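If you count the sequence shown from 1, position 25 lands on 25 in this note's numbering, and the numbers rise without skipping. In what follows, a structure is listed as C-alpha coordinates, so that the remarks can point back to it.
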Amino acid sequence: MTYEVINENGVRLYEGLPFFIGSGTQISKDELPQVQSAVEARQRNVSMWYNRAQKGIEVETAIKSESSGAVQNINMMYAYNAYQKFLTQSLLSLKDTFRLSTNNYQVDVERPTTILKNYIENLTLENNLLADDAILYGCAAICVDVNLDTTSQLPQVLMNRVRSKFLIYDFEQPGSAIFTIRVTPELAFKYDFLSDYWRQTLYNKAIASAASVAHLRVFVGELVVNGKLDNYVVIIYKRSVIYAEKNRFLTYVKAVSLYDKNNDFSPIYTVMKASEITRDNYKMIFDYNNELVNPIRIFPWAVSSEVWAEAQRTRILRTTQPNRVDNLLPGELDVSGLTGIQQNLQQLAQQAAGLNDYTLGEATGSVRTFGEAMLLADSASGIMNIISNKLKQRLILPILQDILEVLKVATAEISDIFDESLYIDMDIIKDQQEANTLVSLISMPMFGSVIQAMDSVQSLQLLRWILEKLHISGTESIFNTLITNVINQQQQQNQQQQIQNSQIIQ
1 MTYEVINENG VRLYEGLPFF IGSGTQISKD ELPQVQSAVE ARQRNVSMWY NRAQKGIEVE
61 TAIKSESSGA VQNINMMYAY NAYQKFLTQS LLSLKDTFRL STNNYQVDVE RPTTILKNYI
121 ENLTLENNLL ADDAILYGCA AICVDVNLDT TSQLPQVLMN RVRSKFLIYD FEQPGSAIFT
181 IRVTPELAFK YDFLSDYWRQ TLYNKAIASA ASVAHLRVFV GELVVNGKLD NYVVIIYKRS
241 VIYAEKNRFL TYVKAVSLYD KNNDFSPIYT VMKASEITRD NYKMIFDYNN ELVNPIRIFP
301 WAVSSEVWAE AQRTRILRTT QPNRVDNLLP GELDVSGLTG IQQNLQQLAQ QAAGLNDYTL
361 GEATGSVRTF GEAMLLADSA SGIMNIISNK LKQRLILPIL QDILEVLKVA TAEISDIFDE
421 SLYIDMDIIK DQQEANTLVS LISMPMFGSV IQAMDSVQSL QLLRWILEKL HISGTESIFN
481 TLITNVINQQ QQQNQQQQIQ NSQIIQ
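Here it is as C-alpha coordinates:
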(Lines of atoms letter the chains of each structure in order from A and count residues from 1; the text may use other names and numbers.)
(Lines give C-alpha, C1' and ligand atoms only; values in the text may rest on other atoms or scores of the structure.)
Protein backbone atom coordinates (compact mmCIF):
# COMPACT_ATOMS: atom_id res chain seq x y z
CA MET A 1 0.00 0.00 0.00
CA THR A 2 1.38 3.41 -0.97
CA TYR A 3 -0.71 5.44 1.46
CA GLU A 4 -2.76 5.24 4.64
CA VAL A 5 -6.54 5.54 4.26
CA ILE A 6 -7.94 7.77 7.02
CA ASN A 7 -11.68 7.36 6.43
CA GLU A 8 -14.26 6.06 4.02
CA ASN A 9 -14.44 9.42 2.22
CA GLY A 10 -11.02 8.89 0.67
CA VAL A 11 -8.85 11.08 2.89
CA ARG A 12 -5.31 9.74 2.61
CA LEU A 13 -1.97 10.34 4.28
CA TYR A 14 1.13 9.97 2.12
CA GLU A 15 4.70 9.53 3.25
CA GLY A 16 6.70 12.72 2.93
CA LEU A 17 3.67 15.05 2.77
CA PRO A 18 2.93 17.21 5.84
CA PHE A 19 -0.81 17.33 5.04
CA PHE A 20 -3.71 15.07 4.16
CA ILE A 21 -4.84 14.44 0.59
CA GLY A 22 -8.56 14.46 -0.08
CA SER A 23 -9.81 16.35 2.96
CA GLY A 24 -10.71 19.27 0.68
CA THR A 25 -12.29 19.66 -2.74
CA GLN A 26 -9.92 18.77 -5.58
CA ILE A 27 -9.52 21.38 -8.29
CA SER A 28 -10.15 20.12 -11.81
CA LYS A 29 -7.39 20.12 -14.40
CA ASP A 30 -9.05 22.91 -16.41
CA GLU A 31 -9.08 25.27 -13.40
CA LEU A 32 -5.45 24.75 -12.38
CA PRO A 33 -4.18 27.69 -14.52
CA GLN A 34 -6.39 30.10 -12.56
CA VAL A 35 -4.96 28.75 -9.31
CA GLN A 36 -1.45 29.13 -10.72
CA SER A 37 -2.10 32.79 -11.58
CA ALA A 38 -3.46 33.43 -8.08
CA VAL A 39 -0.37 31.87 -6.45
CA GLU A 40 1.98 33.94 -8.61
CA ALA A 41 0.09 37.09 -7.63
CA ARG A 42 0.47 36.21 -3.93
CA GLN A 43 4.27 35.97 -3.97
CA ARG A 44 5.64 39.13 -2.37
CA ASN A 45 9.15 40.14 -1.35
CA VAL A 46 10.60 36.86 -2.59
CA SER A 47 14.00 38.49 -3.09
CA MET A 48 14.27 39.28 0.64
CA TRP A 49 13.50 35.68 1.55
CA TYR A 50 16.08 34.56 -1.02
CA ASN A 51 18.71 36.80 0.58
CA ARG A 52 17.87 35.30 3.98
CA ALA A 53 18.32 31.81 2.58
CA GLN A 54 21.64 32.74 0.96
CA LYS A 55 22.98 34.10 4.26
CA GLY A 56 21.96 30.86 5.94
CA ILE A 57 23.81 28.90 3.25
CA GLU A 58 26.90 31.06 3.88
CA VAL A 59 26.74 30.27 7.59
CA GLU A 60 26.29 26.56 6.92
CA THR A 61 29.23 26.59 4.50
CA ALA A 62 31.46 28.53 6.92
CA ILE A 63 30.96 25.84 9.56
CA LYS A 64 32.30 22.94 7.50
CA SER A 65 34.14 24.37 4.47
CA GLU A 66 37.88 23.57 4.48
CA SER A 67 38.61 26.63 2.36
CA SER A 68 37.31 28.88 5.14
CA GLY A 69 40.24 27.97 7.34
CA ALA A 70 40.55 26.66 10.87
CA VAL A 71 39.90 30.04 12.55
CA GLN A 72 36.49 30.52 10.95
CA ASN A 73 35.53 26.85 11.19
CA ILE A 74 36.26 26.73 14.91
CA ASN A 75 34.53 30.04 15.69
CA MET A 76 31.43 29.11 13.72
CA MET A 77 31.23 25.59 15.14
CA TYR A 78 31.62 26.95 18.67
CA ALA A 79 28.86 29.52 18.15
CA TYR A 80 26.58 27.00 16.45
CA ASN A 81 27.02 24.37 19.19
CA ALA A 82 26.36 26.96 21.91
CA TYR A 83 23.12 28.05 20.25
CA GLN A 84 22.07 24.47 19.46
CA LYS A 85 22.58 23.29 23.04
CA PHE A 86 20.77 26.25 24.59
CA LEU A 87 17.81 26.25 22.21
CA THR A 88 17.31 22.48 22.34
CA GLN A 89 17.35 22.41 26.15
CA SER A 90 15.02 25.41 26.29
CA LEU A 91 12.50 23.74 23.97
CA LEU A 92 12.71 20.47 25.89
CA SER A 93 11.93 22.34 29.11
CA LEU A 94 8.58 23.33 27.62
CA LYS A 95 7.17 19.93 28.55
CA ASP A 96 7.88 20.61 32.23
CA THR A 97 6.55 24.17 32.27
CA PHE A 98 3.52 23.58 30.03
CA ARG A 99 0.16 23.55 31.75
CA LEU A 100 -3.53 24.10 31.22
CA SER A 101 -5.53 26.47 33.37
CA THR A 102 -9.22 27.04 34.03
CA ASN A 103 -11.42 29.48 35.90
CA ASN A 104 -13.59 26.63 37.16
CA TYR A 105 -11.91 24.76 40.00
CA GLN A 106 -14.21 21.77 39.49
CA VAL A 107 -12.82 21.05 36.00
CA ASP A 108 -10.21 18.30 35.71
CA VAL A 109 -6.91 19.68 34.38
CA GLU A 110 -4.64 16.65 34.71
CA ARG A 111 -6.16 14.49 31.96
CA PRO A 112 -6.29 17.15 29.20
CA THR A 113 -2.80 18.29 30.17
CA THR A 114 -1.50 14.74 29.72
CA ILE A 115 -3.16 14.48 26.31
CA LEU A 116 -1.75 17.78 25.08
CA LYS A 117 1.70 16.85 26.36
CA ASN A 118 1.58 13.99 23.87
CA TYR A 119 1.40 16.61 21.12
CA ILE A 120 4.37 18.37 22.73
CA GLU A 121 6.29 15.10 22.56
CA ASN A 122 5.56 14.93 18.84
CA LEU A 123 6.98 18.41 18.45
CA THR A 124 9.91 17.46 20.68
CA LEU A 125 11.06 15.10 17.94
CA GLU A 126 11.41 18.20 15.76
CA ASN A 127 13.12 20.33 18.41
CA ASN A 128 16.64 19.84 17.07
CA LEU A 129 15.43 20.71 13.57
CA LEU A 130 13.54 23.79 14.74
CA ALA A 131 16.62 24.97 16.65
CA ASP A 132 18.77 24.26 13.58
CA ASP A 133 16.53 26.43 11.39
CA ALA A 134 16.51 29.23 13.98
CA ILE A 135 20.32 29.22 14.07
CA LEU A 136 21.00 28.95 10.32
CA TYR A 137 18.17 31.11 8.97
CA GLY A 138 16.78 33.07 11.93
CA CYS A 139 13.39 31.57 11.13
CA ALA A 140 11.38 28.44 11.97
CA ALA A 141 8.00 27.16 10.80
CA ILE A 142 5.52 24.32 11.41
CA CYS A 143 2.74 23.12 9.10
CA VAL A 144 -0.48 22.04 10.84
CA ASP A 145 -3.25 20.03 9.19
CA VAL A 146 -6.36 18.78 10.99
CA ASN A 147 -8.76 16.16 9.66
CA LEU A 148 -12.09 16.23 11.51
CA ASP A 149 -13.80 13.59 9.40
CA THR A 150 -12.38 10.39 10.90
CA THR A 151 -13.94 7.04 11.71
CA SER A 152 -12.98 7.36 15.39
CA GLN A 153 -14.89 10.69 15.70
CA LEU A 154 -11.71 12.20 17.11
CA PRO A 155 -9.72 14.65 14.97
CA GLN A 156 -6.38 13.62 13.52
CA VAL A 157 -3.68 16.28 13.70
CA LEU A 158 -0.49 16.49 11.65
CA MET A 159 2.30 18.77 12.90
CA ASN A 160 5.37 18.86 10.67
CA ARG A 161 8.39 21.10 10.74
CA VAL A 162 8.79 22.98 7.47
CA ARG A 163 12.40 23.68 6.56
CA SER A 164 13.02 27.42 6.53
CA LYS A 165 15.77 27.42 3.92
CA PHE A 166 13.47 28.46 1.07
CA LEU A 167 10.36 29.28 3.08
CA ILE A 168 8.28 32.24 1.90
CA TYR A 169 6.03 33.29 4.76
CA ASP A 170 3.71 36.28 4.67
CA PHE A 171 3.86 38.03 8.05
CA GLU A 172 1.24 40.47 6.76
CA GLN A 173 -1.20 37.57 6.38
CA PRO A 174 -0.17 34.85 8.88
CA GLY A 175 -0.99 31.29 7.96
CA SER A 176 -0.08 31.55 4.27
CA ALA A 177 3.28 30.22 3.12
CA ILE A 178 5.21 28.58 0.32
CA PHE A 179 7.72 25.88 1.26
CA THR A 180 9.72 23.11 -0.40
CA ILE A 181 9.49 19.32 0.01
CA ARG A 182 11.94 16.76 -1.36
CA VAL A 183 10.69 13.87 -3.48
CA THR A 184 12.78 10.75 -4.02
CA PRO A 185 12.11 8.38 -6.95
CA GLU A 186 10.16 6.03 -4.65
CA LEU A 187 7.94 8.81 -3.30
CA ALA A 188 7.27 10.05 -6.82
CA PHE A 189 5.61 6.75 -7.67
CA LYS A 190 3.70 6.61 -4.39
CA TYR A 191 1.90 9.89 -5.06
CA ASP A 192 -0.87 8.29 -7.10
CA PHE A 193 -3.14 11.32 -6.65
CA LEU A 194 -1.00 13.00 -9.34
CA SER A 195 -1.45 12.29 -13.01
CA ASP A 196 0.75 9.67 -14.63
CA TYR A 197 2.57 12.39 -16.58
CA TRP A 198 3.65 14.32 -13.48
CA ARG A 199 4.55 11.17 -11.57
CA GLN A 200 6.84 10.12 -14.42
CA THR A 201 8.28 13.64 -14.67
CA LEU A 202 9.10 13.72 -10.96
CA TYR A 203 10.57 10.24 -11.17
CA ASN A 204 12.81 11.19 -14.12
CA LYS A 205 14.06 14.26 -12.25
CA ALA A 206 14.71 12.35 -9.02
CA ILE A 207 16.48 9.47 -10.77
CA ALA A 208 18.83 11.75 -12.76
CA SER A 209 21.74 11.03 -10.41
CA ALA A 210 22.48 9.21 -7.20
CA ALA A 211 22.33 12.46 -5.20
CA SER A 212 19.37 13.95 -7.07
CA VAL A 213 15.89 14.59 -5.75
CA ALA A 214 12.90 16.46 -7.14
CA HIS A 215 11.82 19.58 -5.25
CA LEU A 216 8.12 20.38 -5.05
CA ARG A 217 6.85 23.75 -3.93
CA VAL A 218 3.73 23.79 -1.75
CA PHE A 219 1.46 26.77 -1.15
CA VAL A 220 -0.79 26.74 1.91
CA GLY A 221 -3.22 29.52 2.72
CA GLU A 222 -5.97 31.76 1.37
CA LEU A 223 -6.30 32.52 -2.33
CA VAL A 224 -8.71 34.50 -4.46
CA VAL A 225 -9.50 32.40 -7.53
CA ASN A 226 -12.13 33.56 -10.03
CA GLY A 227 -13.31 36.19 -7.59
CA LYS A 228 -13.88 33.71 -4.74
CA LEU A 229 -11.85 33.50 -1.53
CA ASP A 230 -10.99 30.06 -0.18
CA ASN A 231 -8.28 28.18 1.70
CA TYR A 232 -6.03 26.14 -0.60
CA VAL A 233 -3.29 23.54 -0.67
CA VAL A 234 -1.38 23.83 -3.95
CA ILE A 235 1.49 21.64 -5.20
CA ILE A 236 3.81 23.34 -7.69
CA TYR A 237 6.61 21.91 -9.84
CA LYS A 238 8.78 24.27 -11.90
CA ARG A 239 6.21 27.10 -11.71
CA SER A 240 3.39 24.81 -12.85
CA VAL A 241 0.51 23.87 -10.54
CA ILE A 242 0.13 20.09 -10.75
CA TYR A 243 -2.41 19.56 -7.95
CA ALA A 244 -4.68 21.76 -5.81
CA GLU A 245 -7.45 21.45 -3.23
CA LYS A 246 -9.70 24.08 -1.68
CA ASN A 247 -11.91 24.12 1.45
CA ARG A 248 -8.87 23.38 3.65
CA PHE A 249 -9.81 25.59 6.59
CA LEU A 250 -7.66 23.75 9.16
CA THR A 251 -4.50 23.60 7.07
CA TYR A 252 -2.03 26.39 7.76
CA VAL A 253 1.63 27.24 8.41
CA LYS A 254 2.79 29.16 11.47
CA ALA A 255 6.25 30.74 11.46
CA VAL A 256 8.39 33.02 13.61
CA SER A 257 11.48 34.99 12.69
CA LEU A 258 14.21 36.63 14.65
CA TYR A 259 13.07 40.17 13.87
CA ASP A 260 9.45 39.45 12.84
CA LYS A 261 10.29 40.64 9.34
CA ASN A 262 10.90 39.11 5.95
CA ASN A 263 14.52 40.27 5.83
CA ASP A 264 15.75 38.44 8.93
CA PHE A 265 18.90 36.32 8.92
CA SER A 266 20.97 33.95 11.02
CA PRO A 267 21.82 35.20 14.53
CA ILE A 268 25.40 33.93 14.12
CA TYR A 269 25.86 35.60 10.74
CA THR A 270 27.70 38.46 12.51
CA VAL A 271 30.04 35.90 14.09
CA MET A 272 30.86 34.65 10.60
CA LYS A 273 31.68 38.15 9.34
CA ALA A 274 33.86 38.84 12.38
CA SER A 275 35.59 35.49 11.85
CA GLU A 276 36.26 36.30 8.19
CA ILE A 277 38.08 39.54 9.06
CA THR A 278 39.91 37.81 11.91
CA ARG A 279 41.04 35.13 9.47
CA ASP A 280 42.24 37.84 7.05
CA ASN A 281 44.16 39.54 9.87
CA TYR A 282 45.89 36.31 10.79
CA LYS A 283 46.78 35.70 7.15
CA MET A 284 48.23 39.18 6.81
CA ILE A 285 50.39 38.75 9.93
CA PHE A 286 51.63 35.33 8.80
CA ASP A 287 52.41 36.61 5.30
CA TYR A 288 54.29 39.56 6.80
CA ASN A 289 56.33 37.28 9.06
CA ASN A 290 57.09 35.04 6.10
CA GLU A 291 58.49 38.04 4.20
CA LEU A 292 60.72 38.82 7.19
CA VAL A 293 61.97 35.26 7.56
CA ASN A 294 62.43 34.62 3.86
CA PRO A 295 62.95 38.03 2.23
CA ILE A 296 63.74 38.79 -1.39
CA ARG A 297 67.52 38.98 -1.91
CA ILE A 298 69.19 41.93 -3.64
CA PHE A 299 72.24 41.08 -5.81
CA PRO A 300 74.46 43.41 -7.85
CA TRP A 301 74.70 40.68 -10.46
CA ALA A 302 72.31 38.29 -12.13
CA VAL A 303 71.68 34.93 -10.51
CA SER A 304 69.56 32.32 -12.20
CA SER A 305 66.73 30.65 -10.31
CA GLU A 306 68.40 27.25 -10.88
CA VAL A 307 71.60 28.39 -9.14
CA TRP A 308 69.59 29.85 -6.28
CA ALA A 309 67.58 26.66 -5.89
CA GLU A 310 70.77 24.59 -5.85
CA ALA A 311 72.21 26.87 -3.17
CA GLN A 312 69.10 26.40 -1.03
CA ARG A 313 69.54 22.65 -1.34
CA THR A 314 73.29 22.47 -0.69
CA ARG A 315 73.39 25.52 1.59
CA ILE A 316 76.42 26.76 -0.44
CA LEU A 317 76.49 29.56 -3.03
CA ARG A 318 79.73 29.94 -4.95
CA THR A 319 80.54 33.48 -6.11
CA THR A 320 83.57 35.28 -7.49
CA GLN A 321 82.31 38.76 -6.65
CA PRO A 322 83.11 40.41 -3.29
CA ASN A 323 79.90 42.40 -3.33
CA ARG A 324 77.50 42.14 -0.38
CA VAL A 325 74.07 40.46 -0.57
CA ASP A 326 71.25 42.62 0.87
CA ASN A 327 67.67 41.78 1.83
CA LEU A 328 64.61 43.50 0.40
CA LEU A 329 62.36 43.72 3.49
CA PRO A 330 58.71 44.77 3.57
CA GLY A 331 57.52 47.93 5.25
CA GLU A 332 56.48 48.04 8.86
CA LEU A 333 53.21 46.36 9.84
CA ASP A 334 51.18 47.53 12.84
CA VAL A 335 50.54 44.11 14.37
CA SER A 336 49.06 45.60 17.53
CA GLY A 337 46.62 47.61 15.42
CA LEU A 338 45.46 44.50 13.59
CA THR A 339 45.05 42.70 16.91
CA GLY A 340 42.99 45.61 18.20
CA ILE A 341 40.75 45.42 15.12
CA GLN A 342 40.28 41.72 15.75
CA GLN A 343 39.33 42.30 19.39
CA ASN A 344 36.89 45.06 18.43
CA LEU A 345 35.25 42.76 15.90
CA GLN A 346 34.89 40.00 18.49
CA GLN A 347 33.30 42.50 20.87
CA LEU A 348 30.91 43.67 18.14
CA ALA A 349 29.97 40.05 17.42
CA GLN A 350 29.26 39.51 21.12
CA GLN A 351 27.14 42.66 21.31
CA ALA A 352 25.27 41.58 18.19
CA ALA A 353 24.41 38.41 20.11
CA GLY A 354 23.03 40.53 22.97
CA LEU A 355 26.15 40.37 25.15
CA ASN A 356 28.42 42.96 26.72
CA ASP A 357 31.20 43.10 29.31
CA TYR A 358 28.74 43.21 32.18
CA THR A 359 26.53 40.33 31.11
CA LEU A 360 29.63 38.33 30.24
CA GLY A 361 30.89 38.91 33.79
CA GLU A 362 34.03 40.66 32.57
CA ALA A 363 33.63 44.01 34.32
CA THR A 364 36.96 44.39 36.13
CA GLY A 365 36.81 44.88 39.90
CA SER A 366 33.03 44.54 40.07
CA VAL A 367 31.25 43.06 43.08
CA ARG A 368 27.94 41.30 42.38
CA THR A 369 25.03 40.69 44.68
CA PHE A 370 22.93 37.53 44.52
CA GLY A 371 20.27 39.40 42.52
CA GLU A 372 22.85 40.60 40.01
CA ALA A 373 24.24 37.09 39.66
CA MET A 374 20.74 35.81 38.87
CA LEU A 375 20.35 38.62 36.35
CA LEU A 376 23.62 37.65 34.69
CA ALA A 377 22.54 34.02 34.50
CA ASP A 378 19.37 35.04 32.68
CA SER A 379 20.98 37.68 30.46
CA ALA A 380 24.32 36.11 29.55
CA SER A 381 22.73 34.06 26.79
CA GLY A 382 21.57 37.29 25.16
CA ILE A 383 19.66 36.83 21.96
CA MET A 384 19.37 33.05 22.51
CA ASN A 385 16.73 33.75 25.15
CA ILE A 386 14.82 35.87 22.67
CA ILE A 387 14.86 33.12 20.06
CA SER A 388 13.85 30.35 22.46
CA ASN A 389 11.00 32.41 23.93
CA LYS A 390 9.71 33.25 20.46
CA LEU A 391 9.82 29.62 19.42
CA LYS A 392 7.85 28.61 22.50
CA GLN A 393 5.40 31.49 22.86
CA ARG A 394 4.78 32.40 19.21
CA LEU A 395 5.12 29.04 17.50
CA ILE A 396 4.61 25.95 19.66
CA LEU A 397 2.14 27.22 22.27
CA PRO A 398 -0.21 28.94 19.77
CA ILE A 399 -0.33 25.70 17.78
CA LEU A 400 -1.23 23.78 20.93
CA GLN A 401 -3.89 26.39 21.69
CA ASP A 402 -5.40 25.82 18.24
CA ILE A 403 -5.35 22.06 18.81
CA LEU A 404 -7.06 22.55 22.18
CA GLU A 405 -9.85 24.55 20.52
CA VAL A 406 -10.29 21.80 17.90
CA LEU A 407 -10.47 19.14 20.62
CA LYS A 408 -13.06 21.18 22.53
CA VAL A 409 -15.36 21.27 19.51
CA ALA A 410 -14.71 17.70 18.38
CA THR A 411 -15.25 16.11 21.80
CA ALA A 412 -18.06 18.34 23.04
CA GLU A 413 -20.72 15.63 22.62
CA ILE A 414 -18.41 12.67 23.28
CA SER A 415 -16.50 13.44 26.46
CA ASP A 416 -16.14 16.10 29.14
CA ILE A 417 -12.33 15.96 29.19
CA PHE A 418 -11.87 19.17 27.23
CA ASP A 419 -14.08 21.63 29.04
CA GLU A 420 -14.86 24.97 27.42
CA SER A 421 -13.14 26.83 30.27
CA LEU A 422 -9.71 25.26 29.62
CA TYR A 423 -6.98 27.45 28.22
CA ILE A 424 -3.19 27.34 27.86
CA ASP A 425 -1.22 29.61 30.13
CA MET A 426 1.00 31.44 27.66
CA ASP A 427 3.04 33.48 30.13
CA ILE A 428 5.72 30.93 30.96
CA ILE A 429 8.45 33.49 31.59
CA LYS A 430 6.37 35.33 34.18
CA ASP A 431 5.61 32.02 35.87
CA GLN A 432 9.31 31.14 36.06
CA GLN A 433 10.04 34.52 37.64
CA GLU A 434 7.24 33.97 40.18
CA ALA A 435 8.70 30.53 40.99
CA ASN A 436 12.13 32.07 41.67
CA THR A 437 10.57 34.68 43.92
CA LEU A 438 8.57 32.01 45.73
CA VAL A 439 11.67 29.92 46.41
CA SER A 440 13.39 33.02 47.84
CA LEU A 441 10.42 33.68 50.17
CA ILE A 442 10.37 30.08 51.39
CA SER A 443 13.98 30.42 52.55
CA MET A 444 13.08 33.38 54.80
CA PRO A 445 12.53 32.84 58.56
CA MET A 446 9.05 34.35 58.29
CA PHE A 447 7.86 31.32 56.34
CA GLY A 448 8.67 28.97 59.24
CA SER A 449 6.56 31.02 61.66
CA VAL A 450 3.64 30.95 59.18
CA ILE A 451 3.81 27.15 58.96
CA GLN A 452 3.87 26.78 62.75
CA ALA A 453 0.60 28.71 63.07
CA MET A 454 -1.26 26.22 60.80
CA ASP A 455 -2.81 22.89 61.51
CA SER A 456 -1.87 19.75 59.56
CA VAL A 457 -4.47 20.14 56.77
CA GLN A 458 -3.70 23.82 56.25
CA SER A 459 0.05 23.18 56.08
CA LEU A 460 -0.49 20.37 53.57
CA GLN A 461 -2.65 22.63 51.41
CA LEU A 462 -0.03 25.39 51.52
CA LEU A 463 2.73 22.94 50.59
CA ARG A 464 0.56 21.59 47.77
CA TRP A 465 0.01 25.11 46.44
CA ILE A 466 3.77 25.76 46.50
CA LEU A 467 4.56 22.55 44.61
CA GLU A 468 1.86 23.29 42.04
CA LYS A 469 3.30 26.77 41.49
CA LEU A 470 6.67 25.11 40.91
CA HIS A 471 4.97 22.58 38.56
CA ILE A 472 6.20 19.50 40.38
CA SER A 473 4.60 16.53 38.60
CA GLY A 474 2.28 14.21 40.54
CA THR A 475 1.41 16.86 43.12
CA GLU A 476 -2.36 16.58 42.79
CA SER A 477 -2.63 12.78 43.06
CA ILE A 478 -0.28 12.57 46.05
CA PHE A 479 -1.78 15.42 48.07
CA ASN A 480 -5.35 14.33 47.40
CA THR A 481 -4.53 11.10 49.18
CA LEU A 482 -2.58 12.80 51.98
CA ILE A 483 -5.24 15.40 52.73
CA THR A 484 -8.02 12.79 52.61
CA ASN A 485 -6.13 10.56 55.07
CA VAL A 486 -5.44 13.45 57.43
CA ILE A 487 -9.10 14.55 57.37
CA ASN A 488 -10.27 10.97 58.03
CA GLN A 489 -7.85 10.67 60.95
CA GLN A 490 -9.07 13.95 62.42
CA GLN A 491 -12.69 12.82 62.08
CA GLN A 492 -11.90 9.55 63.82
CA GLN A 493 -10.10 11.39 66.59
CA ASN A 494 -13.04 13.76 67.00
CA GLN A 495 -15.49 10.84 67.16
CA GLN A 496 -13.37 9.08 69.77
CA GLN A 497 -13.08 12.29 71.75
CA GLN A 498 -16.84 12.74 71.66
CA ILE A 499 -17.35 9.14 72.86
CA GLN A 500 -14.90 9.70 75.74
CA ASN A 501 -16.59 12.95 76.69
CA SER A 502 -20.03 11.30 76.72
CA GLN A 503 -18.74 8.48 78.91
CA ILE A 504 -17.26 10.97 81.39
CA ILE A 505 -20.55 12.87 81.58
CA GLN A 506 -22.49 9.65 82.23
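All C-beta atoms, glycine included, are put in the ideal place defined by N, C-alpha and C. Model, not experiment: these values are computed from the prediction.
> Is Tyr191 near the ligand SAH, with its Cβ less than 7 angstroms from a heavy atom?
Replying inline: Absent from the structure shown: the ligand SAH. Ligands present: none.
> By Cβ distance below 8 angstroms, which residues in the same chain neighbour Ser101 in space, the five residues on each side in sequence not counted?
Replying inline: Start at 1 with the first residue of the sequence shown, and residue 101 comes out as number 101. Closer than 8 angstroms at the Cβ level, and outside the excluded window around Ser101, lie Val109, Leu422, Tyr423, Ile424 and Asp425.
>> Contact between the segment 228-240 and the segment 211-219 is defined here as three or more beta-carbon pairs at a separation below 8 angstroms; is this criterion met?
In response: The segment 228-240 vs the segment 211-219: in contact.
>> Suppose you measure from the CA of Asn226 to the CA of Ala141; what does that come to, to the nearest Å?
In response: Start at 1 with the first residue of the sequence shown, and residue 226 comes out as number 226. Start at 1 with the first residue of the sequence shown, and residue 141 comes out as number 141. Distance between the alpha carbons of Asn226 and Ala141: 30 angstroms.
>> Does Leu17 come out as helix, strand or coil in the three-state DSSP assignment?
In response: Indexing the sequence shown from 1 puts residue 17 at position 17. Assignment of Leu17 by DSSP, reduced to helix, strand and coil, places it in the coil class.
> With a Cβ-Cβ cutoff of 8 angstroms, do Ser388 and Ser195 count as a contact?
Replying inline: Residue numbering aside, residue 388 sits at position 388 when the sequence shown is read from its first letter. Residue numbering aside, residue 195 sits at position 195 when the sequence shown is read from its first letter. The Cβ-Cβ distance between Ser388 and Ser195 does not fall below 8 angstroms.
>> Whether or not the segment 68-76 and the segment 401-418 are in contact is what I'm after, with contact meaning three or more pairs of Cβ atoms, one per stretch, closer than 8 angstroms; do they touch?
In response: Taking a cut-off of 8 angstroms on C-beta distances, the segment 401-418 does not touch the segment 68-76, as fewer than three cross pairs fall below it.
>> For a minimum of 3 consecutive residues, which ranges assigned as the beta strand (DSSP E) are wholly contained in the segment 268-314?
In response: Correct list: 296-298.
> Whole alpha helix (DSSP H) runs in the segment 16-46 with 4 or more residues, listed along the chain?
Replying inline: Complete alpha helix (DSSP H) runs here, min 4: 32-42.
> Would you say the segment 174-181 touches the segment 242-260, given that touching needs at least three Cβ pairs under 8 angstroms?
Replying inline: Counting C-beta pairs closer than 8 angstroms gives three or more between the segment 174-181 and the segment 242-260, which meets the contact rule.
>> Since Val241 and Val35 should fall inside the 8 angstroms C-beta cutoff, what is the C-beta to C-beta distance between them, to a whole number of angstroms?
In response: Residue 241 sits at position 241 when you count from the first residue of the sequence shown. Residue 35 sits at position 35 when you count from the first residue of the sequence shown. Between Val241 and Val35 a beta carbon distance of about 5 angstroms is seen, short of the 8 angstroms cut, so the two are scored as contacting.
> Just curious, the beta strand (DSSP E) that Tyr237 is in, first and last residue?
Replying inline: Here residue 237 corresponds to residue number 237 of the sequence shown, with the count starting at 1. Counting along the chain, the beta strand (DSSP E) containing Tyr237 begins and ends at Lys228 to Tyr237.
> What residues in its chain sit with their C-beta under 7 angstroms from that of Leu397, if we drop five residues either side in the sequence?
Replying inline: As a working note, residue 397 is residue 397 in the sequence shown. Once the five neighbours on either side are set aside, the close Cβ partners of Leu397 are Ile424 and Met426.
> Hey, out of Asp170, Val293, Val335 and Ala274, whose CA is closest to Ala263's CA?
Replying inline: Here residue 263 refers to the residue found at position 263 of the sequence shown. One detail in the question is off: residue 263 reads as Asn in this sequence, not Ala. Among Asp170, Val293, Val335 and Ala274, the Cα nearest to that of Asn263 belongs to Asp170.
> The alpha helix (DSSP H) with Asn104 in it runs from where to where?
Replying inline: The residue labelled residue 104 in the question sits at position 104 within the sequence shown. Note, Asn104: premise wrong, no alpha helix (DSSP H); not H, not E.
> Any idea what DSSP makes of Thr251, helix, strand or coil?
Replying inline: Translated into positions along the sequence shown, residue 251 becomes position 251. DSSP places Thr251 in strand when its eight states are reduced to three.
> Would Glu126 be called buried (16 or more neighbouring beta carbons within 10 Å of its own) or exposed?
Replying inline: Looking up residue 126 in the sequence shown gives position 126. Its Cβ being crowded by 16 or more others within 10 Å, Glu126 is buried.
> So, are the CB atoms of Ser114 and Arg99 less than 8 angstroms apart?
Replying inline: Position 114 of the sequence shown, counted from the first residue, corresponds to residue 114. Position 99 of the sequence shown, counted from the first residue, corresponds to residue 99. The amino acid at residue 114 is misidentified as Ser; the sequence shows Thr. Result no, Cβ atoms of Thr114 and Arg99 do not sit closer than 8 angstroms.
> Using DSSP with H/G/I as helix, E/B as strand and the rest coil, what is Thr516?
Replying inline: Residue 516 cannot be examined here, being either before or after the span of the chain that is shown, 1 to 506.
> Measuring CB to CB, does Ser266 end up less than 8 angstroms from Leu187?
Replying inline: Walking along the sequence shown from the start, residue 266 turns up at place 266. Walking along the sequence shown from the start, residue 187 turns up at place 187. Between Ser266 and Leu187, the C-beta spacing is not below 8 angstroms.
> Among Gln343, Glu420, Arg42 and Arg248, which residue has its Cα nearest to the Cα of Ile277?
Replying inline: Counting from 1 along the sequence shown, the entry for residue 277 is found at position 277. Closest by C-alpha distance to Ile277, out of Gln343, Glu420, Arg42 and Arg248, is Gln343.
>> Applying the 10 Å Cβ sphere with the 16-neighbour rule, what's the burial state of Lys64?
In response: Your numbering for residue 64 matches position 64 in the sequence shown. With fewer than 16 Cβ atoms within 10 Å of its Cβ, Lys64 is classed as exposed.
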